[in-house]
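For the sequence shown, the positions run 1426 to 2051 when the working numbering is used.
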Amino acid sequence: MTKLFSGLLLGGMLFLLQASAQELYMPRNITKAYEKGARDKSGKPGRNYWQNKGNYDIQVTVNPPSHTVYGEETIRYTNNSPDTLKHIVMRLILNVHKPEAVRAGYAESDFLTDGILIDTLIINGTPVAFNNKKASTATSVKLPAPLLSKETIQLQVRWHYNLATGEGREGVIDSASFFLAYYYPRISVYDDYNGWDELEHNQRLEFYSDFNDYKVAVKVPANYVVWGAGVLQNGPEVLQPAFAERLRTSYTSDEVLHIATAEDMRGRKVTKQQDWNTWKFVANDIADVTLGVSNHYVWDAASVIVDSSTMRRASVQAAYSGTAADFRHSVAFARNALGWFSHNWPGVPYPFPVMTAFQGYADMEYPMMVNDGSVGDNLVFAQLVQDHEIAHTWFPFYMGINETRYAFMDEGWATTFEYLIGVARGKATADKIYKAFRVKGYINDPSTEEDQPVISLSSQVNGLGYGHNSYGKASLAYLALKDMLGDALFRKCLHAYMDNWHGKHPMPWDFFFSFNTAAGQNLDWYWKSWFFSNNYIDLELTDVQIKNRQAALKIKNAGGFAIPFDVVVTYTDGSVTTTHHTPAVWKNNGRDITLDVPATKTVASVTLEGNLYMDATPANNTWKKS
């Protein structure tokens, strides 16, 4: 072998090793999804991408003060996968209330019930036995006959369950106010990288759902109003004429209207005075449907333009106890949030026709509805919470995130948008709240679970490690990327990702690849730093040399995250200059850099300031002239 050939061979091997080292880690099952063409490394769905769909026709009966809910439904489920399905997985989330169920933490006795009980299950005309003794929230059911690719089956299900009385995401709010979430049996997601989603709903894990079509009919006694995900189809049939007209007017009103006051509700003036009223809702291409019922909640409504190109409006509604001081502002808060999110960040028009805030306990998002607790007269925090839950409209509901496995893909974005809309109202306050609420607890806790990689499966990370990975650390990563790319390019990348994957089921790698392609650059070094590492936030200013009106700074990135920071130079005359540095300074060397900054006068001190990126050891961030 000649020296030249040997050198070329070794150089080529080195290049291949370096290229390999730059590739992102990808689990074997996800690698196969790309190999099969279901997904593409351009960031777009692959030529062979598919997802299944259900069509749900649901009827439920709610009869307060009884806590028992009765339901029946017809589901038409289409298998768009290339696979023959010999069984399906029924997702019965309310079984999390069974004493034997898997849960993430302690449950009070008022949380416990018998779960959801299937009374009859008929599949394509064949009765199928169902074991109600199981406490699983994801139960496998053998099909009477295999479901072939591109074929559809029909399920007819009757069920009942008792509402939990403890504070939570759903259940009894008061003796005459209920919030129904997860109230119907559904078919779990069957996807291209995991097959059936059989992860247990453990009370902490949240959404992973197909985009289904729903018709929902809710039978309640007279004087009970129903608020639901979707568009109310029969307002004049269930409301007295004056109230039906107020609701209709609210659909085009910028002014907040009182559809029904507390006095109206007490006077039994609102609904049609027949023994039962059946409220009908329709929602299409949506991940879930929820309901709220009450015979005394105040009902406010207005609307807001969410798409300036078409002047499309969304209805904004709120249902709450007349004593809740913060909820009196709920519709105004929601109008602001929907308008701002639609036109600024993420800058994609609100995709649904309605948004309703229902006063409950959970501070929890659902498609077209949020279930928030009252915080009295703390309007700043009340607005922040509602902003966050409404921001979830885009992630995970518009984007179809698998939140049970990758919560950072939606909680991190909702936290980011919550901060950005706060900045629009006042940056100093937004910064203060963000650092106190999203960063301080994380950076001041040096325990092992705080520094697990963000890419870690959410189903396998517990406690504070789950919370910080999903919310604060992910949000810091998105904001640092925005800082590095600049608003215009960041917006281009975000919109490319959302255009690629809305109405579908993106994974983290689809996000990474979408941004790489739209940015026109390989950002894998950045993804590695923030999502695939045990990094944390900790800079150290190790040396400052001042010469010829320049300060040469040696900075050690002890924590490892590619963060933005300011260099603050204070002069002996008290004046200050600040230079900003984006995460790009860490691209070639993520641990040690040398920076030159102007030093136009006699320097008294130099400080590294991270603002939102709170430092684990701030004492070593400042150099002072001796």
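Just so you know, even glycine gets a beta-carbon here, dropped at the ideal spot from N, CA and C. This structure is a prediction, so every number in the text was calculated from the model and none was measured.
Alpha-carbon to alpha-carbon, residue j and residue i
i: Q1885; j: A1832; result: 11 Å
i: K1457; j: V1651; result: 46 Å
i: L1901; j: Y2038; result: 7 Å
i: K1558; j: A1739; result: 43 Å
i: E2034; j: T2042; result: 12 Å
i: T2025; j: K1972; result: 10 Å
i: G1892; j: L1910; result: 27 Å
i: G1596; j: D1788; result: 14 Å
i: T1942; j: F1822; result: 24 Å
i: Y1609; j: G1496; result: 7 Å
i: W1955; j: P1490; result: 50 Å
i: L1588; j: V1718; result: 13 Å
i: G1837; j: R1916; result: 16 Å
i: L1517; j: I1543; result: 10 Å
i: D1908; j: Y1844; result: 14 Å
i: T1564; j: M1515; result: 5 Å
i: T1493; j: F1752; result: 28 Å
i: S1398; j: E1525; result: The shown model of the chain, from 1426 to 2051, leaves out residue 1398, and the question about it has no answer.
i: K2113; j: R1472; result: This structure does not reach residue 2113, given that the chain is present from 1426 up to 2051, and the question cannot be answered.
i: H1813; j: T1997; result: 44 Å
i: H1721; j: V1487; result: 15 Å
i: D2040; j: P1871; result: 12 Å
i: W1765; j: F1777; result: 15 Å
i: L1568; j: I1548; result: 7 Å
i: F2107; j: P1646; result: Summary: the structure shown does not reach residue 2107, with the chain confined to residues 1426 through 2051, and so no result is reported for it.
Exposed unless 16 or more other CB atoms sit within 10 angstroms - verdict on residue i
i: L1664; result: buried
i: H2005; result: exposed
i: T1818; result: buried
i: H1512; result: exposed
i: Y1450; result: exposed
i: T1562; result: buried
Secondary structure of residue i, DSSP reduced to three states
i: G1407; result: Any answer about residue 1407 is impossible in this case: the structure gives the chain only from 1426 up to 2051.
i: L1978; result: strand
i: W1952; result: helix
i: K1553; result: As written in the sequence, residue 1553 is Val, which differs from the Lys given in the question. Looking at V1553 - three-state DSSP - the assignment turns out to be coil, as it is neither helix nor strand.
i: N1504; result: coil
i: M1794; result: strand
i: G2039; result: According to the sequence provided, residue 2039 is Met. The question's Gly does not apply to it. M2039 falls in the coil class under three-state DSSP.
i: Q1476; result: coil
i: Q1581; result: strand
i: W1770; result: coil
i: N1894; result: helix
i: Y1459; result: helix
i: I1711; result: strand
i: G2021; result: What sits at residue 2021 in the sequence shown is Asp, not Gly. Residue state, collapsed to three classes: strand.
i: A1983; result: coil
i: N1637; result: strand
i: D1848; result: Sequence inspection shows Val at residue 1848; the Asp mentioned does not correspond to that position. Helix at V1848.
i: F1957; result: coil
i: K1929; result: coil
i: A2044; result: helix
Proximal residues to residue i (C-beta, below 6 Å), its chain only, five neighbours per side dropped
i: Y1474; result: A1463
i: G1540; result: L1519, N1520, H1522 and K1523
i: L1573; result: T1509
i: N2045; result: E1965
i: G1785; result: I1598, F1604 and N1796
i: A1750; result: G1801 and D1802
Proximal residues to residue i (C-beta, below 7 Å), its chain only, five neighbours per side dropped
i: I1684; result: F1668, R1671, L1672, S1675, W1724, D1725 and A1726
i: F1986; result: S1954, W1955, N1960, Y1961 and I1962
i: T1841; result: S1900, Y1903 and L1904
i: Y1607; result: I1518, L1519 and E1595
Per DSSP, cross-strand counterpart(s) of residue i
i: M1515; result: T1564 and I1612
i: K1644; result: T1486 and T1703
i: A1780; result: The residue you asked about is not Ala; residue 1780 is Met in the sequence shown. Paired residues: V1741.
i: V1805; result: Looking at the DSSP assignment, V1805 forms no beta bridge with any residue, so it has no partner.
i: K1972; result: Q1975
i: A1726; result: L1682 and Q1742
i: T2003; result: V1993
i: I1815; result: Answer is none; I1815 lacks a bridge partner.
i: S1881; result: DSSP output for S1881 lists no bridge partner at all.
i: E2034; result: D1991
Proximal residues to residue i (C-beta, below 8 Å), its chain only, five neighbours per side dropped
i: G1530; result: Q1628 and R1629
i: E1874; result: V1886, N1887, G1888, L1889 and G1890
i: M1794; result: W1652, G1653, A1654, T1715, G1717, M1780, T1781, A1782 and F1783
i: T2047; result: L1966, S2030, V2031, T2032 and L2033
i: A1921; result: G1468, S1939, F1940, T1942 and A1943
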